[in-house]
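A quick write-up on the structure given underneath.
Numbering (this note's numbering), first residue to last: 60 to 280.
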C-alpha cells in the first residue's frame, strides 16, 4: 500500500471517529439541544409540555429505555432499540443503516420542572417532532453538569408581619376652680387598631358638668 493511500485511509478513519451526532444547535418548537458554557450538549425543554410520569398507550415502546436513561448520568444519550442498551452520549454518530436508535434527553424547563423525552432517530442533528414519549421526571444523578436534578429553581416567600409603632393621641384634661380654669395637655398612647377606652379619663364627665355649672353661674352675676 502506498503512503498516499495509507494517508487517505487514515484521514477517513479520523473523520469518521470525530463525526458527532450533534454538531449544531438543534430545536423543535421551543425545545433545543445546544452547548452550555462548558461546551457540553444539553437539552433545554419548553415549559408545560406534559404532566405524565410514565410512557403508556401509544408511547409504551419507550417505557423501558426511559427508565434506563433516568438511571444513567448523561442528559443526552442514545440507545440501541435491541434491548435498549446504551450506545453513546451526544457525540454518538448515527450509522447509515441505524435500525432502531432511540434518543433520550433530560433537562429542566424555565418553570422549574424537569422533563425527559425519548424518541426514535435516524440521522445526526435531528429531533423528530412526532412520536416518542415525554414525562415530567429527572434523572437520579447528572454527571455532565447540564442541570441539577435536586434544584427546582423556585423559591417560596414567607410573608413577614409588619411592625407598626402605636399611634399617639393628644387629649385635654381640665382642672376647674372657682376663680380660674387651668388647661393641661397630656399624651396618651393608643393601642394599635383599638379605640380609646373611656376609663382612661376618670372624672372627665363630672368635671365637665361642674365647669358648665360654674360658667353658667358666673354669667348670671
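We treat Cβ as the ideally placed atom computed from N, Cα and C, and that holds for glycine.
Model, not experiment: these values are computed from the prediction.
| Item | Value |
| --- | --- |
| Taking residue 129 as the reference, give the member of 273, 105, 196 and 97 with the closest Cα. | 196 |
| As a quick exercise: from 210, 273, 191 and 209, pick the residue whose alpha carbon is nearest that of residue 123. | 191 |
| Which of the three DSSP states is assigned to residue 228 in this structure? | With a pLDDT of only 39 at residue 228, under 50, the local geometry of the prediction cannot be trusted, and the value read off the model is given with reservation. Correct three-state label for residue 228: strand. |
| Taking its Cβ as the centre, do 16 or more other Cβ atoms sit within 10 Å of residue 106, making it buried, or is it exposed? | exposed |
| Let me know if residue 175 comes out buried or exposed under the rule of 16 or more other beta-carbons within 10 Å of its beta-carbon. | buried |
| Which residue comes first and which comes last in the alpha helix (DSSP H) that contains residue 122? | 122 to 130 |
| Classify residue 112 as buried or exposed, calling it buried when 16 or more other Cβ atoms lie within 10 Å of its own Cβ. | exposed |
| Give the secondary structure of residue 273 by DSSP, where H, G and I count as helix, E and B as strand, and everything else as coil. | helix |
| At the level of alpha carbons, what is the spacing between residue 160 and residue 84? | 20 Å |
| So the beta strand (DSSP E) residue 103 belongs to, where does it begin and stop? | 100 to 103 |
| I believe residue 135 touches residue 100 by the beta-carbon criterion, under 8 Å. Please report the beta-carbon distance rounded to the nearest angstrom. | 5 Å |
| From residue 21 to residue 194, what distance separates their C-alpha atoms? | Any property of residue 21 remains undetermined from this structure, which presents the chain solely from 60 to 280. |
| If residue 137 and residue 121 are in contact, beta carbons under 8 Å, what's the gap, nearest whole angstrom? | The Cβ separation is near 13 Å, so there is no contact. |
| Could you check what DSSP says for residue 190 in three-state terms: helix, strand or coil? | coil |
| Is it buried or exposed, residue 162, if we count other Cβ atoms within 10 angstroms and call 16 or more buried? | buried |
| Taking all protein chains shown into account, do 16 or more other C-beta atoms lie within 10 angstroms of the C-beta of residue 173, making it buried, or fewer, making it exposed? | buried |
| Assuming contact is defined by CB atoms lying nearer than 8 Å, are residue 183 and residue 80 in contact in what I supplied? | yes |
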